[in-house]
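> Following our numbering, the numbering of the sequence shown begins with 531 at its first residue and continues without gaps.
Ideal placement from N, C-alpha and C gives every residue a C-beta, glycine not left out.
The structure presented is a predicted model; accordingly, all values stated were derived computationally and were not measured.
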Amino acid sequence: MQTLTGTQRRAMSVAERLQVIAEPHRLMILRHLRRGDQYAGRLAEALDISPSLASHHLTTLIAAGFVTREQKGPYACYSAKRDAIEAFHAEIGQLIGAIVPEDALEVAEVCDTE
531 MQTLTGTQRR AMSVAERLQV IAEPHRLMIL RHLRRGDQYA GRLAEALDIS PSLASHHLTT
591 LIAAGFVTRE QKGPYACYSA KRDAIEAFHA EIGQLIGAIV PEDALEVAEV CDTE
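In structure tokens:
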């Protein structure tokens, strides 16, 4: 079994979170939440989806660390975790920056041997 490098582990973690936001409704939910906190029902209306589907997507976004939920009386209010989203954005940039030079060296070495 091959041991993963730190960069490989980070790449896997980033890829898992990218899969979460690769779903169009989830991207739109994050876009709406950037404007301010929202109730699930309002998000469902804005996206023209059922409340249960909105709830499913919100639960997935919470599990991935992109959204928080706060109970306000009988309703749950959702908000984007801006710090976590910004950190994720930076992590993607760092990872790509960390991967590209290494990959370029490996390609150069392979090309030089032919």
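(1) Measuring CA to CA, which of 608, 625 and 579 is closest to residue 566?
(2) Is it right to say residue 556 is buried, meaning 16 or more other beta carbons lie within 10 angstroms of its own, or is it exposed?
(3) Express the C-alpha separation of residue 569 and residue 604 in angstroms, rounding to a whole number.
(4) Just tell me which of 579, 564, 625 and 610 has its CA closest to the CA of residue 593.
(5) In angstroms, rounded to a whole number, what distance separates the CA positions of residue 535 and residue 541?
(6) Nearest to residue 587 by CA position, among 533, 618 and 559, is which residue?
(7) Would you kindly work out how many angstroms separate the C-alpha atoms of residue 614 and residue 595, rounded to a whole number?
(8) Among the residues of its own chain, which have a CB less than 6 Å from the CB of residue 574, if the five just before and after it don't count?
The answer reads as follows:
(1) 608
(2) buried
(3) 11 Å
(4) 610
(5) 10 Å
(6) 559
(7) 7 Å
(8) 581 and 584
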